[in-house]
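The next block holds one structure in the form of structure tokens; read it before the comments.
Structure, rendered in structure tokens:
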């Protein structure tokens with residue numbers, strides 16, 4: 003639930019999420035995030051999209067709740083390869099095989115309805 007300006011809880015509509023979907027935060031629509039794990043229940047995992055030295059990057063993965071998502075961007079979902087590349091750019095270190103395996107597994111998840 004998200005609180006409206008009048009103090010009443012706002013009921014959010016469920017939304018279908020896919021690995022690689024890009025969304026903006028309700029709290030700050032200027033920030034873009036990409037879903038890196040569809041998850042289960044009322045959470046998923048996403049990472050903020052940033053720019054590092056003029057190149058697209060994403061940071062570490064964090065938990066996202068339905069109330070965080072403002073709009074799912076209609077742009078084509080990011081591919082696994084694009085997410086891995088953006089993660090490598092941000093880390094500036096060798097991308098861990100374990101993380102790559104985790105992302106590969108997450109990329110094969112079926113889309114799901116994210117609850118209200």
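Numbering (the numbering used here), first residue to last: 3 to 118. Every residue gets a Cβ at the ideal spot worked out from N, C-alpha and C, and that includes glycine.
{"query": "Return the CA-CA distance between residue 107 and residue 16, expressed in angstroms with no decimal places.", "result": "24 Å"}
{"query": "So residue 18 and residue 82 are supposed to be a Cβ contact under 8 Å. How far apart are they, rounded?", "result": "Incorrect: roughly 19 Å between the Cβ atoms, too far for contact."}
{"query": "Would the beta-carbon of residue 63 fall within 7 Å of that of residue 42?", "result": "no"}
{"query": "Could you work out which residue in 27, 45, 118, 40 is closest to residue 51 when comparing CA atoms only?", "result": "27"}
{"query": "Does residue 48 come out as helix, strand or coil in the three-state DSSP assignment?", "result": "strand"}
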